[in-house]
Amino acid sequence: MTELHEVVAQREFAYSRRDFDRVRRLLFERAGIRLADSKDAMVYSRLARRLRILKLTRFKDYLAMVAHNHQEQEHFVNALTTNLTSFFREPHHFEALSTYLKQHPNTKRIWCSASSTGEEPYSIAMTVASVFGTFTPPVSIVATDIDSRVLQKAAAGIYSASGIEQLPPHYREQFFYKGKGAQLGKVRVADELRRMVQFETLNLMSPTWDIESPIDIIFCRNVMIYFDRDTQRKILFRMVKLMTPEGMYVAGHSENFTMYPELVRPMGKTIYRPVN
Numbered sequence: 242m243t244e245l246h247e248v249v250a251q252r253e254f255a256y257s258r259r260d261f262d263r264v265r266r267l268l269f270e271r272a273g274i275r276l277a278d279s280k281d282a283m284v285y286s287r288l289a290r291r292l293r294i295l296k297l298t299r300f301k302d303y304l305a306m307v308a309h310n311h312q313e314q315e316h317f318v319n320a321l322t323t324n325l326t327s328f329f330r331e332p333h334h335f336e337a338l339s340t341y342l343k344q345h346p347n348t349k350r351i352w353c354s355a356s357s358t359g360e361e362p363y364s365i366a367m368t369v370a371s372v373f374g375t376f377t378p379p380v381s382i383v384a385t386d387i388d389s390r391v392l393q394k395a396a397a398g399i400y401s402a403s404g405i406e407q408l409p410p411h412y413r414e415q416f417f418y419k420g421k422g423a424q425l426g427k428v429r430v431a432d433e434l435r436r437m438v439q440f441e442t443l444n445l446m447s448p449t450w451d452i453e454s455p456i457d458i459i460f461c462r463n464v465m466i467y468f469d470r471d472t473q474r475k476i477l478f479r480m481v482k483l484m485t486p487e488g489m490y491v492a493g494h495s496e497n498f499t500m501y502p503e504l505v506r507p508m509g510k511t512i513y514r515p516v517n
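Written out as structure tokens, the structure reads:
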């Protein structure tokens with residue numbers, strides 16, 4: 242394997258193994274995310290953009306800035322946060338959501354705790370609107386993310402038209418506007434659907450969460466995989482405390498919480514019920 246210090250000379254900015262290790266420590270301190278050794282090239286690529294903007298030449302100087310500058314800490318976390326999503330990703334979760342809402346018509350609150358660019362919370366909103374047959378259902382949807390940049394995109398609700406090609410025709414017709422002129426090839430989420438979702442910045446590692454409870458349904462998909470086991474349990478414990486006894490916790494396809502029987506019990510494929 243090629244060592245990190247052997248490729249430094251080929252790079253635009255001075256970047257050492259010590260810099261990479263410091264990035265890992267800072268990211269864990271700020272966001273609770275542990276980076277694998279294999280992510281050194283990804284770190285360089287994503288943070289190099291910040292060095293260019295700030296006209297710095299060494300990662301050492303940039304990381305010193307991150308340690309003491311709150312605004313740059315936000316840019317730092319945003320740059321290193323992965324935001325992979327699509328509408329109705331893992332469709333069985335939305336089928337389960339539809340079934341749950343029909344069985345629990347008094348559902349009041351849904352929390353999407355990793356909004357990313359908005360595809361997931363809007364998929365939740367489309368499901369809710371379809372079940373209740375209205376854009377003003379008796380259900381509030383809050384969508385949060387640590388990355389303020391992607392939340393701006395989510396709130397705008399503008400996407401490539403190719404991103405909704407897999408949706409049923411009546412969903413495309415009912416929930417999206419087609420772009421024209423300069424916006425040709427793009428779509429925008431219908432105003433009525435956008436109003437169903439409230440977007441807020443939230444760090445799951447923060448000691449307090451500004452989230453109204455009790456919560457009936459929590460979507461926390463493909464987030465816990467970035468945390469160590471101890472952090473996973475702490476976050477899951479806090480979430481369960483906010484949930485109704487008959488609530489539904491939705492995890493990602495690569496996440497398994499059966500090792501926490503004191504907190505949740507399985508009720509479907511990567512779907513859990515809180516143990517209150």
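All residue numbers in the sequence shown are consecutive under this note's numbering, ending with 517.
Note that beta-carbon positions come from the ideal geometry of N, C-alpha and C, so glycine has one too.
Checking the DSSP bridge columns, you'll see residue 386 partnered with 442.
Nearest Cα to residue 437 within the set 455, 448, 369: 369. Listed in chain order, the non-local C-beta contacts of residue 458 below 6 Å within the same chain comprise 351, 489, local neighbours out to five positions each way being set aside. Residue 340 has its alpha-carbon roughly 28 Å from the corresponding atom of residue 403. Rounded to whole angstroms, the separation of the alpha carbons of residue 266 and residue 259 is 11 Å. Bounds of any beta strand (DSSP E) do not take in residue 498, whose DSSP letter is neither H nor E. Here residue 363 is near residue 430, since their CB atoms are less than 7 Å apart.
Taking residue 469 as the centre and dropping the five residues before and after it, the same chain places the C-beta of 275 closer than 7 Å to its C-beta, in chain order. Two segments are said to touch when three or more pairs of C-beta atoms, one from each, lie closer than 8 Å; by this definition the stretch 277–289 does not touch the stretch 326–337.
Relative to the Cα of residue 398, the nearest Cα in the group 320, 418, 388 belongs to 418. Contact between residue 355 and residue 462 holds: CB atoms are separated by about 6 Å, below the 8 Å threshold.
Assignment of alpha helix (DSSP H) within the stretch 268–341, counting only whole runs of 4 or more residues, yields 281–295, 300–309, 311–321 in chain order. Proximity to residue 476 across 448, 500, 494, 453 peaks at 448, based on C-alpha coordinates.
Going by beta carbons, residue 384 and residue 440 fall inside the 7 Å limit. A check of alpha carbon separations from residue 326 across 372, 494, 348 identifies 494 as the nearest.
Shortest Cα-Cα distance from residue 269 to any of 308, 372, 400, 414 involves 308.
For the 7 Å CB-CB criterion, residue 388 and residue 319 form a contact.
In the structure shown, residue 427 falls within a strand segment according to DSSP collapsed to helix, strand and coil. Excluding sequence positions up to five before and after residue 360, its CB lies within less than 6 Å of the CB of 326, 327, 328, all in the same chain and listed in chain order. Rounded to the nearest whole angstrom, the CA to CA distance from residue 373 to residue 414 is 18 Å. Judged by their CB atoms, residue 299 and residue 255 are nearer to each other than the 7 Å cut-off. Counting along the chain, no alpha helix (DSSP H) covers residue 467, and no H or E run does either.
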